[in-house]
Amino acid sequence: MDRKMGVMSLCTDDDNDFKKLDILHETYKNSYAIFNELRQKCQLCDVALVVENKKLSAHKVVLAATIPYFRGMFTLDLMEANMKEISIEDMNYDTVEQLLSFAYTGELRISTSNVQSIMMSANFFQMLEVVQHCGTFLLTRLHSSNALSIREFCKMMCVEEGIVEEANDFVQKHFTAVAKEDDFKRLPVEDLIELLQNDNLYVDSEEQIYEFAMDWLRAEEGRHELASRVLPCVRLPLLSPTYLSSIVASNPIIKKDIPCRDLIDEAKDYHLLPERRSLFKSFKCSPRVCQCVPCLIVAIGGLMHVTQSKSSVEIYHPFHKTWTPIDGMVTLRTRVGVAVNQRHVYAIGGFNGQDRLDLVERFDYDTMKWTTLPSLSRKRSALAAAFVENKLYVCGGYDGLVSLSSIEVYDIQRNVWEAGPAMESQRSAAGVTVIGKHIYVCGGHDGMQIFQSAERLDTESGIWERVPQMIQKRCRFGAAAYKGKIYVAGGYDGSAFLKSVEVYDPITKEWSPVSSMNMRRSRVSLVATVDGLFAVAGFDGENNLCSMEQYDDVTDSWSIATPLNCHEGGVGVGVIPMPPHMF
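One gets my numbering by counting positions in the sequence shown from 1 and adding 265 to each.
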């Protein structure tokens, strides 16, 4: 106690002796509500906004604090800074009143009837938070009838890129429905071309793209002359020869346009002269693959006991997170090669418990039927299979005597198998992935040694080349392409059953380790969907597995997913895009 002053001495000279008080006092908390009450009663107001000849009273300091447009106006010595009334042109009174109320209260009611007006006015006032919220609201109202308009409007309003991307994803996923709407037929030709050139449009066949392009050309008088600009957007080589000749070539719009006729002739040559396909540059030849479509996982075959193979099939639904059994394959088999083209799943070769197989069958998801296809020229199990541009490549495998280096290629349109360029190494139980027009085959074994090496095929030149070897040698592992990179998981290295995972970046040409799976898995299948990577079933050295794990590349973590119902051990797995009516 300071006896001279009669008070306690509280002050010191130490500026670091403090405690920060972060108290949200009720007066401060309610200050904007009080400002709004003052505004509504026209008390202490120093400016009025004039909209549609009606006045909205306000406080300059509040406008400057909450609306960037007015902050610039009042602080940069503009003419309006000293005006008592400020005219707001080309805006709706109710909209400005709502935004003004939001500036004072932080509350705004957005509806389908006012969102466009609010978004445009908020954009003018530079109220970016409101613009983003409006964009998010529009995403919840996406429909095939308005998706193109919403996407274009969001672009115009300069909303966050993620909002435009989500609207674009909707257009891609639901393209067949969007293309039937009036908004599609009203597209300017430049926007139509940009849309039809998109690799990610979800269609059952390129014939649909052609039909929608023709619908657009017929929708307005005078568009026929644009045919030579629109037709190159259709990937004509993906149309069947019969469709090209009977439908496209006989179309009056096409017949009258010389450049279009030339394109049709070139597409016919593509089918007639397969050895010259790499020379055709007028249009893309790769099938469209929509990366944002939810996918179904199909599990085929499997090994229940040492000599018992399975023909049963089950499908995993990502929304319900359940496995559902469907009609089984015609042939009992395990160690089967699986490849997918659109909604067709191909089961190739394998082992029936006694013999290696050359049998091939195809499952059509739309009809839920299996169809027998021409057999391979050579029996194979533990083979690698993948599609590139409507051609099925079968690489290596085991014929019962030796591991193979030979390749067989199936042409869907001609329904024939042909010999392909052999790999540099004999490989069975290898991993296969596709990136672009390259097929990567990694690891595996030749009966004598397990490989760490990898090679890739350029399907245009037909040349195999070595790529950097994996960090760890492995066979009987899972491999999948995901976000432009190659992931390999699990397998067997000759002494241990693995749960390690590594990823290859084709750009840097480097392998890197990522988080290991929860369980050791040999004979595991790895597939990629929009939800991440899934490692399905396998063998841990003691037991056949029916479990499944899901990988999240953002968190670099694996989580346990729904186990299979009918399968265990080494199953063949493929991924098919979900039909539009299911999402």
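Backbone N, C-alpha and C define an ideal beta-carbon position, used for all residues, glycine too.
Measure how close the beta-carbons of residue i and residue j come, nearest whole angstrom, since I'm counting them as under 8 Å.
i: residue 313; j: residue 303; result: Incorrect: roughly 14 Å between the Cβ atoms, too far for contact.
i: residue 443; j: residue 413; result: 6 Å
i: residue 717; j: residue 737; result: 7 Å
i: residue 392; j: residue 364; result: 7 Å
i: residue 804; j: residue 835; result: 7 Å
i: residue 763; j: residue 784; result: Not really, about 10 Å apart at Cβ, beyond 8 Å.
i: residue 780; j: residue 822; result: 6 Å
i: residue 518; j: residue 482; result: 6 Å
i: residue 667; j: residue 712; result: 7 Å
i: residue 335; j: residue 328; result: 4 Å
i: residue 578; j: residue 591; result: 5 Å
i: residue 440; j: residue 466; result: 5 Å
i: residue 853; j: residue 379; result: Lying outside 266 to 848, the shown extent of the chain, residue 853 is not represented and no answer is given.
Classify residue i as helix, strand or coil using the three-state DSSP reduction.
i: residue 834; result: strand
i: residue 288; result: The pLDDT assigned to residue 288 is 49, lower than 50, so where the model puts this residue is not dependable; a value taken from the coordinates is nonetheless given after this. In this structure, residue 288 counts as coil in the three-state DSSP scheme.
i: residue 632; result: coil
i: residue 492; result: helix
i: residue 800; result: strand
i: residue 353; result: coil
i: residue 722; result: strand
i: residue 526; result: helix
i: residue 572; result: Unreliable positioning characterises residue 572 in this predicted model, as indicated by a pLDDT of 43, which lies under 50. The coordinate reading is nonetheless provided below. If DSSP states are grouped into helix, strand and coil, residue 572 belongs with coil.
i: residue 419; result: helix
i: residue 676; result: strand
i: residue 695; result: coil
i: residue 813; result: strand
i: residue 846; result: helix
i: residue 434; result: helix
i: residue 592; result: coil
i: residue 536; result: helix
i: residue 336; result: helix
i: residue 707; result: strand
i: residue 828; result: coil
Is the beta carbon of residue j closer than 8 Å to that of residue i?
i: residue 852; j: residue 583; result: Given a span of 266 to 848 for the chain in the structure shown, any question on residue 852 remains unanswerable.
i: residue 356; j: residue 386; result: yes
i: residue 623; j: residue 643; result: yes
i: residue 731; j: residue 709; result: no
i: residue 640; j: residue 625; result: yes
i: residue 676; j: residue 656; result: yes
i: residue 725; j: residue 689; result: no
i: residue 608; j: residue 464; result: no
i: residue 829; j: residue 793; result: no
i: residue 663; j: residue 627; result: no
i: residue 558; j: residue 384; result: no
i: residue 661; j: residue 832; result: no
i: residue 375; j: residue 398; result: yes
i: residue 837; j: residue 753; result: no
i: residue 750; j: residue 769; result: yes
Measuring alpha carbon to alpha carbon, tell me which residue in the options is nearest residue i.
i: residue 394; options: 424, 585 and 460; result: 424
i: residue 840; options: 612, 530, 508 and 368; result: 612
i: residue 648; options: 396, 744 and 499; result: 744
i: residue 826; options: 564, 800 and 735; result: 800
i: residue 734; options: 765, 777 and 802; result: 777
i: residue 295; options: 819, 369 and 638; result: 369
i: residue 509; options: 472, 518 and 485; result: 472
i: residue 596; options: 589, 636 and 581; result: 636
i: residue 816; options: 451, 791 and 830; result: 791
i: residue 617; options: 487, 650, 665 and 638; result: 665
i: residue 535; options: 563, 558, 679 and 650; result: 679
i: residue 807; options: 515, 798 and 757; result: 757
i: residue 598; options: 581, 340, 564 and 588; result: 564
i: residue 765; options: 773, 729, 748 and 742; result: 742
i: residue 373; options: 402, 728 and 415; result: 402
i: residue 470; options: 585, 551, 299 and 579; result: 551
i: residue 698; options: 638, 411 and 771; result: 771
i: residue 475; options: 485, 486, 445 and 308; result: 445
i: residue 310; options: 318, 323 and 497; result: 323
i: residue 349; options: 362, 332 and 315; result: 315
Three or more C-beta pairs below 8 Å linking the segment 702 to 711 and the segment 677 to 684: Note that the segment 702 to 711 does not touch the segment 677 to 684; fewer than 3 beta-carbon pairs, one per stretch, sit closer than 8 Å.
Touching by the beta-carbon criterion (3+ pairs, under 8 Å), the segment 457 to 475 and the segment 414 to 423: no
The segment 497 to 509 touching the segment 519 to 535, judged by at least three CB pairs closer than 8 Å: The way I'd put it, the segment 497 to 509 does touch the segment 519 to 535; three or more beta-carbon pairs between them come closer than 8 Å.
Touch test, the segment 478 to 494 against the segment 514 to 525, Cβ-Cβ under 8 Å, three pairs minimum: yes
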